[in-house]
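Everything in the sequence shown is counted per this note's numbering, starting at 1 for the first residue and increasing by one. Every residue gets a Cβ at the ideal spot worked out from N, C-alpha and C, and that includes glycine. For clarity, every value in this text was computed on a predicted model and none was experimentally measured.
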Amino acid sequence: MKVLVLNSGSSSIKFQLFRSDDWSVPAAGSVTRIGEPEAVLRYSWTDAKGSAQTLEERAAMPDHQQGLQRIAGALARSGALADPAELLAVGHRVVHGGEAFHAPTCVDDDVIEAIRQVVPLAPLHNPANLDGILVARALFPNTPQVAVFDTAFHQTMPRTAYRYAISDDLYREHGVRRYGFHGTSHHYVGRRAAERLGKPFEQCNLITLHLGNGASATAIREGSSIDTSMGMTPLEGLVMGTRCGDIDPAVPFYLSQQLGLDNDRLEDLLNRQSGLLGLCGDNDLREIQRRAEEGDEAAELALGVTAHRLKKYIGAYLAELGRTDALVFTGGIGENSAELRARACGGLEPLGIQLDAEANAAASSEERAVSSPQSPIQVWVIPTNEELQIAREALAAVS
Ligand code: AMP
């Protein structure tokens with residue numbers, strides 16, 4: 001039997017098909033440029049003889065319905081999903097669940113309405129996620145659809161961590177509070193780390209650092225998120241590829257007054273023109289590292305500000321957790337950049353974090369410890385797998 005995972009964006013649908021017995025992936029791919037004159041289906045699968053196959057198709061796909069129909073057609077023709085009755089569940093990534101969702105949830109009309117209610121909190125993401133759910137429900141009417149929320153894992157944060165110091169009415173009437181994101185990834189790598197530590201997740205205190213184009217840090221106490229760096233939106237917290245992360249909230253007023261920037265320009269500036277890109281003109285960390293090695297000052301500053309912010313969060317979460325078992329790096333940067341791991345952990349030896357320089361520098365795509373054997377707090381690199389986590393949670397929700 002199988003589980004299909006869908007991640008629907010505004011103009012794309014990414015998908016992975018899992019076998020529910022061994023969680024192998026017989027087929028995966030994406031449709032991109034939905035709504036443009038020519039959309040692209042990229043599909044890879046394992047055929048009946050066990051050989052890897054790929055195909056790329058270009059065709060007009062005006063909306064998500066057409067996109068998902070193409071995907072379903074490709075899955076059927078390739079034999080990866082010859083009969084939709086093989087599907088136990090379709091798991092959907094949903095960015096924002098507000099306060100309504102603490103766990104993966106089987107979709108019915110009430111759930112769809114509740115996801116719609118939080119659209120104002122995630123206007124760029126939730127409408128596309130909803131589209132994916134509605135289309136999949138129509139296409140696979142006999143298969144349970146499960147919404148898996150990026151925010152759900154952080155719903156265990158105490159009030160002291162999720163409330164902003166602003167009026168109670170703004171929280172109660174408008175939902176202005178911290179929610180946190182990347183929950184599926186923090187949860188996945190946290191559980192993997194617990195396995196590697198040989199302890200139940202429910203007994204582990206961890207700091208998980210998801211560092212990719214978007215980036216967030218989470219403090220996990222006894223298996224539950226107690227604090228995370230992203231806030232009401234994914235703009236708060238660490239320095240990201242193009243997002244500024246933490247900034248004095250007065251900066252937008254100042255820019256509005258001095259430069260006459262309106263809300264849209266400010267939103268674009270802080271979400272898409274800031275972070276690494278704003279600091280040095282690049283948001284690909286490989287390029288930034290290369291430039292810094294050649295002595296480029298802006299690139300060096302970008303690395304420095306990013307590492308400084310990371311270190312602040314690590315320190316804060318060490319203080320919140322008290323006892324910490326492990327620090328876990330994941331995401332494109334966390335998994336691959338020995339340089340940023342070294343910069344973030346450098347100087348934290350007195351706090352119990354001792355990297356092993358050789359283990360940290362070794363390139364690998366495997367789960368691995370990069371701390372020295374005597375480090376009181378272990379440091380792990382754990383490749384994230386949000387799709388697998390969504391597939392497992394979707395199956396658990398329907399069983
Ligand atoms: P993600 O959003 O998780 O795909 O991560 C994207 C980020 O990972 C980009 O900033 C990439 O430059 C960075 N990245 C990917 N591979 C490497 C690498 N080998 N070394 C440093 N950064 C990398």
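How about serine 8: is its Cβ closer than 6 angstroms to a heavy atom in ligand 1? Counting from one through the sequence shown, the residue named residue 8 turns up at place 8. No, Cβ of serine 8 sits at least 6 angstroms from all heavy atoms of ligand 1.
Do you know how far the Cα of threonine 54 is from the Cα of aspartate 248? In the sequence shown, counting from the first residue as 1, residue 248 sits at position 248. In the sequence shown, counting from the first residue as 1, residue 54 sits at position 54. Between aspartate 248 and threonine 54, the C-alpha separation is close to 48 angstroms.
Between alanine 362 and tryptophan 380, which are expected to be in contact by the criterion C-beta below 8 angstroms, what is the C-beta distance as a whole number of angstroms? Position 362 of the sequence shown, counted from the first residue, corresponds to residue 362. Position 380 of the sequence shown, counted from the first residue, corresponds to residue 380. About 14 angstroms separates the beta carbon of alanine 362 from that of tryptophan 380, a gap too long to meet the 8 angstroms contact definition.
Just list the residues that DSSP pairs glutamate 236 with in beta bridges. Here the question's residue 236 lines up with position 236 in the sequence shown. Paired residues: none, contrary to the question.
Compute every distance between the C-beta of glutamate 4 and the non-hydrogen atoms of ligand 1, then say whether any falls below 6 angstroms. For the purposes of this step, residue 4 is identified with residue 4 of the sequence shown, where counting begins at 1. The identity of residue 4 in the sequence shown is leucine, whereas the question assumes glutamate. Proximity of the beta carbon of leucine 4 to ligand 1 is not indicated: no heavy atom of the ligand is located closer than 6 angstroms.
What do you reckon, is the C-beta of isoleucine 333 under 6 angstroms from a heavy atom of ligand 1? Indexing the sequence shown from 1 puts residue 333 at position 333. Relative to the non-hydrogen atoms of ligand 1, the Cβ of isoleucine 333 comes within a distance shorter than 6 angstroms of at least one.
Suppose contacts are defined by Cβ-Cβ distances below 7 angstroms. Is cysteine 106 in contact with valine 148 by that definition? As a first step, residue 106 must be located in the sequence shown, where it is residue number 106. As a first step, residue 148 must be located in the sequence shown, where it is residue number 148. Not a contact, by the Cβ cut-off of 7 angstroms.
Does the beta carbon of arginine 341 fall short of 6 angstroms from some heavy atom of ligand 2? Among the ligands modelled here, namely ligand 1, ligand 2 does not occur.
Cβ-Cβ separation, leucine 238 to glycine 245 (assumed contact under 8 angstroms), whole Å: Sequence index remark: in the sequence shown, residue 245 carries index 245 (1-based). Sequence index remark: in the sequence shown, residue 238 carries index 238 (1-based). Their Cβ separation, rounded to whole angstroms, is 5 angstroms, which keeps glycine 245 and leucine 238 in contact under 8 angstroms.
Which of the three DSSP states, helix, strand or coil, is assigned to threonine 330? Within the sequence shown, numbered from 1, the residue matching residue 330 stands at position 330. Correct three-state label for threonine 330: strand.
Ligand 1 and leucine 285: does the residue's C-beta get closer than 6 angstroms to at least one heavy atom of that ligand? For this step, residue 285 is matched to residue 285 along the sequence shown. In this structure, ligand 1 has a non-hydrogen atom nearer than 6 angstroms to the beta-carbon of leucine 285.
Using the Cα positions of leucine 259 and valine 251, report the straight-line distance between them to the nearest angstrom. Locating residue 259 in the sequence shown gives position 259, counting from the first residue. Locating residue 251 in the sequence shown gives position 251, counting from the first residue. So the alpha carbons of these two residues sit roughly 11 angstroms apart.
Could you check whether alanine 338 and leucine 310 sit closer than 7 angstroms to each other, using their CB atoms as the reference points? Counting from 1 along the sequence shown, the entry for residue 310 is found at position 310. Counting from 1 along the sequence shown, the entry for residue 338 is found at position 338. In this structure, alanine 338 does not lie closer than 7 angstroms to leucine 310 by Cβ.
Cα-Cα separation between serine 10 and proline 350, rounded to whole angstroms: On the sequence shown, position 10 is the one that residue 10 refers to. On the sequence shown, position 350 is the one that residue 350 refers to. Serine 10 and proline 350 have their alpha carbons spaced roughly 46 angstroms apart.
So the beta strand (DSSP E) arginine 19 belongs to, where does it begin and stop? In the sequence shown, the residue the question calls residue 19 occupies position 19. If you look at arginine 19, you'll find it in the beta strand (DSSP E) that goes 13-19.
With a threshold of 6 angstroms (Cβ to nearest heavy atom), would glycine 212 be considered close to ligand 1? As a working mapping, residue 212 is identified with position 212 in the sequence shown. When distances are taken from the beta-carbon of glycine 212 to the heavy atoms of ligand 1, the shortest one is below 6 angstroms.
Given that a residue counts as buried once 16 or more other Cβ atoms are within 10 Å of its Cβ, and exposed if not, what is proline 37? Counted from its first residue, the sequence shown places residue 37 at position 37. Under the 10 Å beta carbon count, proline 37 is surrounded by fewer than 16 other beta carbons and is classified as exposed.
Can the beta-carbon of tryptophan 45 be found closer than 7 angstroms to that of serine 78? What you label residue 45 is simply residue 45 of the sequence shown in a count that begins at 1. What you label residue 78 is simply residue 78 of the sequence shown in a count that begins at 1. Tryptophan 45 is a Cβ neighbour of serine 78, given a cutoff of 7 angstroms.
Between the Cα of serine 229 and those of Lys199, Met157, Ala122, spot the shortest distance and give me the residue it belongs to. Your numbering for residue 229 matches position 229 in the sequence shown. Checked all of Lys199, Met157, Ala122; the closest Cα to serine 229 is Met157.
Suppose you measure from the CA of aspartate 83 to the CA of leucine 388; what does that come to, to the nearest Å? As a first step, residue 83 is located in the sequence shown; it is residue number 83 there, counting from the start. As a first step, residue 388 is located in the sequence shown; it is residue number 388 there, counting from the start. Approximately 22 angstroms, taken between the alpha carbons.
In terms of residue numbering, what span does the alpha helix (DSSP H) encompassing isoleucine 188 cover? Mapped onto the sequence shown, residue 188 falls at position 188. The question names isoleucine, but residue 188 in the sequence shown is tyrosine. Unbroken alpha helix (DSSP H) run through tyrosine 188: 183-197.
Contact between the segment 187-200 and the segment 305-322 is defined here as three or more beta-carbon pairs at a separation below 8 angstroms; is this criterion met? Short answer: they don't touch.
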